[in-house]
Each structure stands twice: as C-alpha cells, then as structure tokens.
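Structure below.
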C-alpha cells in the first residue's frame, strides 16, 4: 500500500459521514413550514427539529421549540428574526421569520367603570373608525353602545378588537375594559290615594324599600315627616316625588305620582235619550269626579229601569207630563249630594184611516190624523212611496195596481213618533167579448175581429174553418183577423174560434165559439 492509497482509506469514513450530518430541518407540527409571517399577537407556535434531540435558539424561543412572537424585541412594524436548530448529528438548520406589529386597539379612556341600571345607553368609542374595529360585550358583538338596562346589574367585559390585513398576515389587537352595572334603587312608595278630600287627615308615605333613605318632595302638601297633608296642599292636582341618590353619586332614581285634592262634590247628570212616551232615555253622571268607591243611587217616576250601571241609568218612560229623576251620590266623595231633574215627557198618536177597496186601478183617498200631547203640529211620512201623490202630506191619493198596505209615521215637534197603517185592496174586474159576426169589406166598420176586454195579460186566439183547418192564430192582444187566408179573401160563412186567455189577476180560462164572416 502506497501513501496515496493510505490517504484514501483514511478519508473514506469521513466522506461517508458528511451527508448524514447535513440532513436536518425545522418543521411545524411535523409538516414543512409554509407561513413565515406572524403577528405579534399570535399565540406561541410549536416548532419541531429533525432529527430530534437538538436545541433551538433565537429570539422568542422557549422550552422545547416554542416560539412566542410577542416575546421578541419589537421595535419596527416588521421585525425579522432567525431561529436556529442544532441537530445532535452536528447539522444546523436556520429559518427566517417576519413578526408584524399591528396598530394597537385602544378603547376610549372615558368609558365609565360604573353605571346604574337605569342610566341612558353609553356610546362606546375607540381609536379606530374602520370596519375592522368592533366591540364585544360578554362574548356578543354589538353596536357601538352599552345599554345598562339591557345588560342588567353585574360586571360586564367589553372587548375592543381591531383586525388589520397586512397583506401577508392578518393581525388583530384588542383592549379590554369592564363596566360594573349597579342596580337602580327601588323608589316606589305607598300610603297615598289618587284623590283626597280637603278635610282628610295627613297620610304617611311609606317607601317600598326601607333599606334606602330617599327624600319625599312635591309641588305642595309634603311635610318633613314624610306625610301628605291635603289641607296644606289645597284643592288641585299635586305631584308627590320620592327620590334617592346613593353616596357614591353613581345611581339615582325617582318615582312620581299624581294626587288630586277636591272640595265639596258638585254632582249633576244629563239626559241623552228620548223625552217621549215609551222612548228609551239614558241618564249619565256629569258632575265632579266622584272617586272609585262612589255610590250612585237612582230613582225615576213612572219609568221602567232597563239598566243601572252606577254612573249611567237607562230607562223607558211610561207616562206623559212632568216626570222626575233623582240621583243620590254618596260613598267615596267629600260630601253627600242629591240631584233632582224634571223631564217633560210627551206622546203622539196617529190614525191612518179605515181600510179601503177599489176597482182595478181606481184612486183612493188616504186620511191620516195625529194628536200631539203638547198640542203641536205633526209632520207625516208615508211609505211605500210608489203610486202615491205625496209622501209628506196627511191626505194623499194612491192608485195601486195591486192590493197594498200603506204606513204613515207622524213626528211631533219634540221628535216623538207614532206609526199606523191602512190597507187598500184592489179588486180586479175581468171583462171579455168576442163579436160573432164581422164584414171585412174595407168600409171602416167591422172589418176585422179580435177579443175585446180589460185586464187581459196573455191570450192565444185561434180561428178554424168548417173543416177544422187553422186559418188564423195570434198571441198578441192587439192583433185581429182581417178575413183573409194567405192574402186572399176567405169565403163567407161560419168559422170556429178557440180563445186561451189569462187575466192580470192570474185567472185563466178557455173560450170557444163561432164567427160569421159576411161579404
């Protein structure tokens, strides 16, 4: 073996080991690293070295391959760092990363730390006006306001986040504030009445929540001992206010009620109905407010009480003349009061006259008379308004084609009414005549023949010769036979007719006879 061969023998192991020492890498979760741009706000990332067992080094590295972007020194919008992995076999792998620093989201420092549940909604603002900035309250995205009434008492986290697209990375920043909502004080109270009499004694006002020390005030009548004195307040409407302000000055609330103080009740009632005999009248209380527990006691002479609803009475007058209605008001009022009202009840009567019978469409004279208990003149209205000469006079003429009932209504000057009726019966007189001879010689006398009569509605007039042949037929009441057959003069002699007829009253019949044609 020469020197060259010996040198080759010594170098072969080293040359064989060199490729193995250079095979090392940095991966993320066992996969090749794709993204090399990160945001400073991202959570720590886990890197893996291959072959295992090596050591990571570089800014932001901690533990066994964890990289925290926010732990490195960031002094530029984009910061570039190298992370190195030294493998056990001596191989060294290096990866370059860019850490982007987004603009910091900052909620307005004026957002209060404490609010009261009955406060108005507070507008939330931050240092960004872009669409990427949102507020999240208790995990829910909201519009830019905080409504303490909606969220209720308790502590509420408000997260102000801003998302920024930096091209190679999408970064976000956030700011967190807390608002503590305090329950609104309960300032309701009792001990008051909606209405007082001027002479009523003072009333003690009692807060619903005795744990707070509120203050009673009002327009008048409130004393230092938390009472309402009607005499001190005087007649009128007054406000009672119970207000509370906590020692911190954060939460305040108030409750307000209205009370009225009245003097002696002035009672009264009015009539809204009919002042007529048999008419329905409604009496309604129209005086001063009488209170929820007022007692209304009604009385009426010669009347039928249909409904008693306390402050409303419905009745029917049963007699004419001066009638009296009385209201006795008692109970929850400042003084008893009796009201008496007199009503002049009138009546009217009407007679339409005796029933009548007329022949066919002959006219009938109707005669209506009315008597008003007040002695006034009445007006008349007739119906139906067909076949009548006037509908507003007492004595119209009527000409009905068929039997008709006419109604007349008389109205007094006070508006009372009465109605009567009269029947006009129409008797239909039927007449029929068929000549038994005619002379169709164009002398203007008896030149044709047809049925004659009144009240004829429908007919069928047929004429036959002596052998039974039909020589003429019509259903028109105005048509007549002129003594021709197919345009030629018929022979003189005897002809037979058959007449089927219906009259206007519905009566129908069949007539037969003979006709002599003379030339």
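Numbering (my numbering), first residue to last: 516 to 1034. Note that CB positions come from ideal geometry on N, CA and C, so glycine has one too. None of these values were measured; they are calculated from a predicted model.
Coil, strand or helix - residue i by DSSP
i	result
residue 617	coil
residue 993	coil
residue 623	coil
residue 897	strand
residue 664	helix
residue 747	helix
residue 547	strand
residue 705	strand
residue 584	helix
residue 1021	coil
residue 831	strand
residue 713	coil
residue 787	coil
Cutoff 6 Å; reference residue i; Cβ partners in own chain excluding five residues on either side
i	result
residue 757	702, 704, 729, 731 and 770
residue 533	Any answer about residue 533 is weak, because its pLDDT of 42 lies below 50 and its placement is not dependable; what the coordinates show is given next. Cβ neighbours of residue 533 beyond the five flanking positions: none.
residue 879	871, 873, 913 and 939
residue 560	582
residue 925	863, 865, 885, 893, 895 and 933
residue 909	883 and 895
C-beta contact flag for residue i and residue j at 8 Å
i	j	result
residue 838	residue 816	yes
residue 932	residue 860	no
residue 1012	residue 1028	yes
residue 697	residue 765	yes
residue 578	residue 563	no
residue 964	residue 948	no
residue 717	residue 742	yes
residue 681	residue 659	no
residue 852	residue 782	yes
residue 677	residue 618	yes
residue 842	residue 830	no
residue 1016	residue 978	no
Buried versus exposed call for residue i [16 or more other C-beta atoms within 10 Å across all chains shown]
i	result
residue 808	exposed
residue 796	buried
residue 679	buried
residue 567	exposed
residue 1034	exposed
residue 709	exposed
residue 763	exposed
residue 615	buried
residue 857	exposed
Sequence-distant residues of its chain with Cβ nearer than 7 Å to residue i (five each side left out)
i	result
residue 980	986 and 1010
residue 536	Its pLDDT being 44, under 50, residue 536 is placed unreliably by the model, and nothing is read from it.
Closest Cα partner of residue i within the set the options
i	options	result
residue 653	662, 778 and 647	662
residue 950	959, 982, 983 and 996	996
residue 755	786, 767 and 722	722
residue 608	540, 684, 672 and 937	540
residue 713	899, 776 and 641	776
residue 572	555, 1021, 601 and 959	601
residue 719	675, 740 and 767	740
residue 1067	565, 557, 553 and 867	Residue 1067 lies beyond the range of the chain shown here (516 to 1034); nothing can be said about it.
residue 812	611, 613, 672 and 827	827
Any chain B beta carbon closer than 8 Å to residue i
i	result
residue 964	Annotation note: the requested chain B is absent from the structure, which comprises a single protein chain.
Cutoff 8 Å; reference residue i; Cβ partners in own chain excluding five residues on either side
i	result
residue 876	914, 915, 916 and 941
residue 671	652, 653, 661, 693, 694, 695 and 696
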